[in-house]
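Written out below as C-alpha cells is the structure these notes cover.
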Amino acid sequence: MSELNSLLDHNSALLERARTQVGNLAHTLKNPLTVIGNEAKGIDCEQGKVILKQTAAMANSVTLYLSQARILFVRKTDGL
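Count along the sequence shown from 1, then add 27; that gives the number in our numbering.
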C-alpha cells in the first residue's frame, strides 16, 4: 500500500510540475507577442496589419493550447 501511495504522490507531483511549466511557457510567449502586437499597431502600412494579424493568431494558439492543457490536467487529477 505504501508503494501505491508513493506512486500516486509521484504522479501528482509530475502533473503539478507539468501544469506549472505549461503556465510558464504560456506567460513567456504571451508577453512578447503582446509587445510585438502593440508595436505593430503603430505601423501604418500593410506590414503592420500582417504583423498584428499574425501575432493575434499566435496568441490565440497559445491560449487554446493552454486551455487544452488545463482541461487535461483536470481530467488527470479527477481520476486519481
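Yeah, the Cβ is synthetic: ideal placement off N, Cα and C, and Gly gets one too.
Note that the coordinates shown come from a computational prediction; the quantities given were computed from them, not determined experimentally.
Residues of its chain near residue i, where Cβ-Cβ distance is below 8 Å and the 5 sequence neighbours each way are ignored
{"i": "G64", "result": "I78, L79, T82, A83, A86"}
{"i": "G75", "result": "A67, K68, G69"}
Distance, residue j Cα to residue i Cα
{"i": "E66", "j": "E43", "result": "35 Å"}
{"i": "A40", "j": "L60", "result": "30 Å"}
{"i": "E73", "j": "V62", "result": "18 Å"}
{"i": "V28", "j": "K57", "result": "For clarity, residue 28 is Met in the given sequence; the question names Val instead. Approximately 43 Å between the Cα atoms of the pair."}
{"i": "V101", "j": "D71", "result": "44 Å"}
{"i": "E30", "j": "T55", "result": "37 Å"}
From the options, residue whose alpha carbon lies closest to that of residue i
{"i": "I98", "options": "T55, L56, V49, H54", "result": "V49"}
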